[in-house]
Amino acid sequence: MKGNENPVLSRLWAYAIWAVVLFFVINLFAMIATVVVNSLSTRWLGTWLPPGFTTRWYFSAWKEFQLDDVLVVTFQIAAAVAFLSALLGVPAAYALARRDFPGKKLVMLLFLLPLLVPPFTYGIPLATVLYKSGLGGTMWGVIVANLVPTVPFVVLVLIPFIEQIDPRVEAAARVFGAGTVRLFIYVLVPLLTPGILAAVLLVLMRTMAAFELTFLTSGPGSQTLVVSLYYAVSAAGVRAGQSVDAMAVIYMLTTLIWLLIALRFVNPTQIVARAKQTH
Amino acid sequence: MAIRLRAFERLRLDNVSRNFGTLNALKNVTLDVRRGEFIALLGPSGCGKSTALNCLAGLLPLTAGSIWLDDKRLDQLKPEARGFGMVFQNYALFPHMTARRNVAFGLMMQRRPKAEIEQMVNEALALVRLTALGDKLPGQMSGGQQQRVAIARAIVVQPPLVLMDEPLSNLDAKLRLEMRAEIRRIHNLLGSTTIYVTHDQDEALSLADRIVVLRDGMVRQVGTPEELYARPAHADVAEFMGYRNLLPSRASGNGDGRMTVTFGNANLIGTPIEAVGSGDATIAIRPDDLTPSADAPISAVVETAEYRGRDFYGTARTSDNVELFFRSDRKVASGETVRLGADPTRVLVYARGVT
Amino acid sequence: MTSQSIPVAGSGRHERVPLRLRLAQRGIDGVTLLVLPAALFILLLFVYPFLYGMNLSVHPKGGAETVGRFANYARFFSDSFLYDTILTTLWLALPVTIINVVMSIPVAMRVRLMRRQRLLTTILVLPVTLGAVLVAEGLLNYLGPQGWLNRTLITFGLVSSPIRLVHNYWGVFIALIIHSFPFTFLLTLSYVTGIDPSLEQAASTLGAGPRARFRHIILPLLLPGLAITFCLSFVQDFAVFPSAVLLGAPAGPTRVISIAAYQAAFEEYDYSMASAIAMIMGFVQLLIVVAVLTSRGLFYRGPAGGGKG
């Protein structure tokens, strides 16, 4: 019988892999730590750790970048996007999960494309259209733009949830007299709540972190936090680095809070995977 | 036959145990298998039969105990070093390889010369009567055909031992019967030693030289099909082997291999299997053996009766509300009162409370 | 779910089946119409802008009659400042994607054996949750000449003076790896776990050790999924923007095609040119994806299960 693999080599290989992963993770945390430490330091040049710590940069950043307004705008946009994408996406997911109609494949492709094509590629034409129609630079423009990837996302996330519901439960509801609207209200939405919750949370997170689309379609009063951060970083020569990092930390906290909430309901893979594998 | 299986005399499982956390899947299983035997591991789901097979194959490590092939200790070896052939329940055919390449895989791992591999693959495919489908992918074959490729793949490497894990459970009834015969035919032709896991007692009875009945990780009985059919060693084994009537009763009186047992207000003569003193007992009777006759001891009211062509199989209830399963030559009607009894050799008496 | 088939009460052949029933037999009824709002929305805001952009790109700023409809494209391909962006972007996106895909395989193979995967996957999801902008800002600090990485390298004597990792190609490269490896990894992991474990078990009973199992069983079954992973990752990496601006040298070595598009739109206010560049960008992405997917056709494409007939 053929002999075994060299156990020493396999051990080494396993350690090497873990070393690479560890390296990645350590650098990741170190990078985040740098931002946090800098935001809390008085001045930091040329030493391992800053000479003194302070929280004043947070206050100054708050005022300087008008973070209170920005945060309100961000949440408004994210909430609107979440709500509207659920409103559009849940019925569409239901139709796609329960019906086979001519052209269904085309419609599925239609919903798949915005998730496969990166935001910048379709963002430029989208921004052009929005500006020409007058929505460009306004909050509604940003909301509409962000809906383009999130509606299909909701649809794709929900279809498996719907398929899990036994169609006979729905048939029973109909036999007892429920029309489509009442079916939704009394049967489907309650059963789908975990799925809808998952989808809404994911949409909230993605919209808050969404950069390209908001960047291309927003104006001064309609920037989300991440876009403001971008402008702050790219103008970093003008503003104090600590101030920018304070803003970055605030941004980080907002996304991380949502991440923690979301993780109670969804699994990390769903946050990242944009296209459902059908292969 | 150029496929010659490597020789060994004895396979021994010695006090083999396997735990999954707090679950004891196998407890101190000891078994001796002689070369050329067809052994069935039989039991209900969860009894540990698949675990035992996986431990034999090396896919699961042992928590305690050892496995020996003649005087070579096996349980420390990885599966790729043990050289057993295995047929999986879902066939586990490599979906991206043709039937030929699937069968050739093990030989390829042994680094045999190409010509030799081709010849052995041809022989194996001929043995399972699948020569025509050699170049098809598993996805293009039916269940029965995939099954046969899986078997060919396992035997072509000339293993001393062939392990089969419920290979027929995914086939329809007719195919199952056909393949059952095929499996035994191949076993006989090659003179192989086979260990076959199943939960179907008919399969075990028809295929095996010896049957090992497992329950809750322990060996309950080892014996030939005849022994297990006619004299199951414990009440739970009897239940599994088709003795559907398990009746609580009291034993009294003992004389030359016979015993009087009282069930309800009926007195029966039975054959004690376990050491039963006077006291609580369980009697086991096959439905086939429990028939109505005028002077039989048990009185019951018929509930249902199914026509089976040659006779009727029915259920009846006694006045103590115990359900009985019986067989009748003549038609019985629902609601009819019958008197049921069985030959003393077919009434098996076990101690109660021991399962 | 398959469409409901409603039996038609058949009397005479000359009786017309009502339209509603006929439609329902083909799967179209009130429920199907629920898909319309979302579908229309996407048509309006994804497909239409795309077509609009395509149209706009052939109506160049100087006027189609004067400079010709393809003036934008001509300008793009004749101005090295512009067409070089394709190469520059490819030079970033391709290596990053290849490295990510290749690295994800051994890591996924290890992780799938782990019991507590969630912690690791959560950590890995962080860069994606935080977003490219934050990663860029973090790297500006961390990789800078005074940052911890350089300090560590100098302290350990690996280099004598700080290495230049920001405002150049490497900064963007590292940012892309940090930002897109998790995505690649999670996809690969899902493909790897989708391979029926009994296949590996069968292979090991037939004498295959870990390397042989990987080479003959896992890799061939993984390749189609890897091709898809490659395409999805590449397409994202090719559209890199904030990292290239913040962390790179947007005037030169990291002038990626998205920057060119952005400048055309928001600095030159030449929406026509911007659309043309966006079209070109999409086209290059499509080209690579098609190339990878057609070579995928050479590989086995069926299910990765053991087959139950």
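Chains as they are written, first to last, in this note's numbering: chain A, 23 to 301; chain B, 2 to 356; chain C, 6 to 314. Cβ coordinates follow ideal geometry from the N, Cα and C atoms, glycine included.
Any heavy atom of the ligand FMN closer than 7 Å to the beta-carbon of residue 173(B)? No copy of the ligand FMN appears in this structure; indeed no ligand is present at all.
Using a beta-carbon distance cut-off of less than 8 Å, what residues from the region 200-224 of chain C approach chain B? 201, 203, 204, 206, 207, 208, 209, 210, 211, 212, 213, 214, 217, 221, 222
Taking the C-alpha atoms as reference points, what is the distance between residue 49(C) and residue 102(A)? Within the third sequence, residue 49(C) is the residue found at index 44, counting from 1. Within the first sequence, residue 102(A) is the residue found at index 80, counting from 1. Going by the C-alpha atoms only, they are around 19 Å apart.
Taking Cβ positions only, does residue 33(C) come closer than 8 Å to chain A? Numbered from its first residue, the third sequence carries residue 33(C) at position 28. Closer than 8 Å to some Cβ of chain A, the Cβ of residue 33(C) qualifies, so yes.
Would you mind reading off the limits of the alpha helix (DSSP H) that contains residue 273(B)? For the purposes of this step, residue 273(B) is taken as the residue at position 272 of the second sequence. Where residue 273(B) is concerned, there is no enclosing alpha helix (DSSP H), although the beta strand (DSSP E) it sits in stretches over 267-273.
Give me the Cβ distance between residue 84(B) and residue 168(B), rounded to the nearest whole Å; I'm assuming they're in contact under 8 Å. Locating residue 84(B) in the second sequence gives position 83, where the first residue counts as 1. Locating residue 168(B) in the second sequence gives position 167, where the first residue counts as 1. Residue 84(B) to residue 168(B), Cβ: 20 Å. No contact.
With 7 Å as the C-beta to C-beta threshold (strictly closer), list the residues of the region 173-188 of chain B near chain C in chain order. From the region 173-188 of chain B, no residue has a Cβ closer than 7 Å to chain C.
For the beta strand (DSSP E) holding residue 222(B), just list the boundary residues, first then last. As a working note, residue 222(B) is residue 221 in the second sequence. Note, residue 222(B): beta strand (DSSP E), 219-224.
Where residue 143(B) sits in the DSSP three-state scheme: Residue mapping note: residue 143(B) aligns to position 142 of the second sequence, counting from 1. Residue state, collapsed to three classes: coil.
Three Cβ pairs or more, each shorter than 8 Å: is that satisfied between the region 80-93 of chain C and the region 255-274 of chain C? yes
Among 38(B), 72(B), 275(B), 15(B), which has the Cα closest to the Cα of residue 188(B)? As a working mapping, residue 188(B) is identified with position 187 in the second sequence. Measuring from the Cα of residue 188(B), the nearest candidate turns out to be 38(B).
Closer than 7 Å, Cβ to any Cβ of chain C: which residues of the region 170-199 of chain A, in chain order? 170, 173, 174, 177, 189
Delimiting residues of the alpha helix (DSSP H) encompassing residue 273(A): Along the first sequence, one-based indexing puts residue 273(A) at 251. Boundaries of the alpha helix (DSSP H) harbouring residue 273(A): 263-287, taken from the DSSP string.
Between 56(B), 32(B), 34(B), 114(B), which lies nearest to residue 21(B) when the distance is taken from Cα to Cα? Working through the second sequence from its first residue, we reach residue 21(B) at position 20. Measuring from the Cα of residue 21(B), the nearest candidate turns out to be 56(B).
Measure the alpha-carbon distance for residue 175(B) versus residue 201(B) and round it to whole angstroms. Counting from 1 along the second sequence, the entry for residue 175(B) is found at position 174. Counting from 1 along the second sequence, the entry for residue 201(B) is found at position 200. The alpha-carbon atoms of residue 175(B) and residue 201(B) are separated by roughly 15 Å.
Sheet register partners of residue 60(C) (DSSP bridge): Within the third sequence, the letter at position 55 stands for residue 60(C). Bridge partners of residue 60(C): none, in fact.
For residue 331(B), count neighbouring C-beta atoms within 10 Å of its own C-beta (all shown protein chains included) and say buried if the count is 16 or more, exposed if not. Within the second sequence, the letter at position 330 stands for residue 331(B). With a 10 Å radius around the Cβ and a threshold of 16 neighbouring Cβ atoms, residue 331(B) comes out exposed.
DSSP state of residue 216(A) mapped onto helix, strand, coil: The residue labelled residue 216(A) in the question sits at position 194 within the first sequence. Correct three-state label for residue 216(A): helix.
With three or more C-beta pairs closer than 8 Å as the rule, is the region 78-86 of chain C touching the region 155-164 of chain C? no
N-terminal and C-terminal residue of the beta strand (DSSP E) that residue 199(B) is part of: By one-based count along the second sequence, residue 199(B) stands at place 198. Taken as a continuous stretch (DSSP letters only), the beta strand (DSSP E) holding residue 199(B) covers 194-199.
Within its chain, find whatever has a CB closer than 6 Å to the CB of residue 185(A); leave out the 5 residues flanking it on each side and keep chain order. For this step, residue 185(A) is matched to residue 163 along the first sequence. Excluding residues within five positions, the ones whose Cβ falls inside 6 Å are 119.
Looking at residue 130(C) and residue 122(C), is the spacing between their C-beta atoms short of 8 Å? Indexing the third sequence from 1 puts residue 122(C) at position 117. Indexing the third sequence from 1 puts residue 130(C) at position 125. Contact annotation: residue 122(C) and residue 130(C) have beta-carbon atoms that are not nearer than 8 Å.
Using a Cβ-Cβ distance under 8 Å, would residue 21(B) count as near chain C? On the second sequence, position 20 is the one that residue 21(B) refers to. So, not an interface residue.
Opening and closing residue of the alpha helix (DSSP H) in which residue 27(B) lies: In the second sequence, counting from the first residue as 1, residue 27(B) sits at position 26. Per DSSP, residue 27(B) belongs to no alpha helix (DSSP H); it is in the beta strand (DSSP E), 24-35.
With DSSP as the reference, label residue 196(C) as helix, strand or coil. Translated into positions along the third sequence, residue 196(C) becomes position 191. It is helical.
Got a sec, what are the start and stop residues for the beta strand (DSSP E) residue 316(B) sits in? As a position in the second sequence, residue 316(B) is number 315, starting the count at 1. Unbroken beta strand (DSSP E) run through residue 316(B): 313-319.
As a quick exercise: from 97(B), 82(B), 103(B), pick the residue whose alpha carbon is nearest that of residue 88(B). Residue numbering aside, residue 88(B) sits at position 87 when the second sequence is read from its first letter. Among 97(B), 82(B), 103(B), the Cα nearest to that of residue 88(B) is on 103(B).
Helix, strand or coil, according to DSSP, for residue 239(A) in the structure here? Here residue 239(A) refers to the residue found at position 217 of the first sequence. Secondary structure of residue 239(A) (DSSP, three-state): helix.
Comparing the C-beta of residue 298(A) with each C-beta of chain C, is any distance below 8 Å? One-based indexing of the first sequence puts residue 298(A) at position 276. Here residue 298(A) scores only 38 on pLDDT, less than 50, and its place in the model should not be relied on; the value that follows carries that caveat. Answer no: the Cβ-Cβ gap between residue 298(A) and chain C never drops below 8 Å.
Taking 8 Å as the CB-CB limit, is residue 226(C) close to chain B? By one-based count along the third sequence, residue 226(C) stands at place 221. So, interface residue.
Does any residue of chain C bring its CB to less than 8 Å from the CB of residue 158(A)? Mapped onto the first sequence, residue 158(A) falls at position 136. Answer no: the Cβ-Cβ gap between residue 158(A) and chain C never drops below 8 Å.
Does the pairing of the region 169-181 of chain A with the region 107-119 of chain A give three or more beta-carbon distances under 8 Å? yes
Quick check on residue 96(A) - is its C-beta less than 8 Å from some C-beta in chain C? Along the first sequence, one-based indexing puts residue 96(A) at 74. So no, residue 96(A) is outside the interface.
Taking C-beta pairs closer than 7 Å, name the residues in chain C that residue 270(A) reaches, listed in chain order. Translated into the one-based positions of the first sequence, residue 270(A) becomes position 248. The answer, in chain order, is 139, 142.
Residues near residue 222(B) by beta carbon distance below 6 Å, same chain, minus five either side: Taking the second sequence and counting its residues from 1, the one referred to as residue 222(B) is at position 221. Same-chain partners within the cutoff: 214, 234, 238.
How about residue 240(C) and residue 188(C): are their beta carbons less than 8 Å apart? As a working note, residue 240(C) is residue 235 in the third sequence. As a working note, residue 188(C) is residue 183 in the third sequence. The answer is no: Cβ separation not under 8 Å.
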